[in-house]
Amino acid sequence: MKDWSPMSDPSLQGDPATLEAIAHGALSVVNSRRRNGVLLVKPYYAEFAGPGAAVGGEFDRDCLAAIPIGNLQLLTPQNSTERQTAYRIRLQWLKLTSRFTVIDAPAVRSRQILEQFEQYFERDQVYQVSHAALAMVVGVFPQTMAATRGRHALSFIKPRNG
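Heads up: take any position in the sequence shown, counting from 1, add 9, and you land on our numbering.
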């Protein structure tokens, strides 16, 4: 049996131009004035960097793929204060998503990340992200994320009268 790798899943390939911008080594910042972010696929997990977060540099040398969410725009920090703020915001995004990973029930973890992303992004933007990519953020199987998404979507359908 061949070892699994995120790169063996076509839904985790992301956007090559975004990966190039992040993995080239320079520090960038996700535009804080837009509803945008990026899932950074690492060898065994994925991280989310939302508005205002630092990406690239030493943080993401092991990044295998970058999956933009929303209309991603990466900016160059202009001074050390902007870099420090971006580092702090990246840590806040990591803490936010790590709150879900300590939950024992995989279905609850997957529901929590869906609900969190739907607070920041349009629903259709969240549903464009693959099951596998979201699953890697909270440590669940892609099948669990797919089942949770199915139940989650059904909760928004209003029953017909009569």
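From the three backbone atoms N, C-alpha and C, an ideal C-beta is built for every residue, glycine too.
These figures come from a predicted structure and were not determined experimentally.
Three-state secondary structure assigned by DSSP to residue i
i, result
"residue 57", "strand"
"residue 149", "coil"
"residue 138", "coil"
"residue 37", "strand"
"residue 160", "helix"
For residue i: DSSP bridge partner residues
i, result
"residue 48", "57 and 76"
Cut-off 8 Å between Cβ atoms - residues of its own chain near residue i, not counting five sequence neighbours on either side
i, result
"residue 125", "105, 106 and 109"
"residue 171", "Here the model assigns residue 171 a pLDDT of 44, short of 50, so the residue's position is not dependable, and the following value carries that caveat. Answer for residue 171: no residue qualifies."
Alpha carbon of residue i to alpha carbon of residue j, nearest angstrom
i, j, result
"residue 146", "residue 26", "21 Å"
"residue 20", "residue 139", "6 Å"
"residue 34", "residue 132", "32 Å"
"residue 95", "residue 82", "14 Å"
"residue 99", "residue 65", "11 Å"
"residue 159", "residue 116", "11 Å"
"residue 46", "residue 80", "8 Å"
"residue 88", "residue 37", "12 Å"
"residue 44", "residue 156", "26 Å"
"residue 73", "residue 152", "22 Å"
"residue 32", "residue 69", "6 Å"
"residue 137", "residue 150", "18 Å"
"residue 22", "residue 53", "14 Å"
Cutoff 6 Å; reference residue i; Cβ partners in own chain excluding five residues on either side
i, result
"residue 48", "55, 57, 76 and 142"
"residue 148", "110"
Neighbourhood of residue i by C-beta, 7 Å cutoff - its chain only, sequence neighbours within 5 removed
i, result
"residue 176", "The question about residue 176 has no answer, for the chain in this structure spans 10 to 171."
"residue 85", "37"
*Please list the segments of the alpha helix (DSSP H) lying wholly inside the segment 63-133, counting only runs of 4 or more residues, in order along the chain.*
89-110 and 115-129
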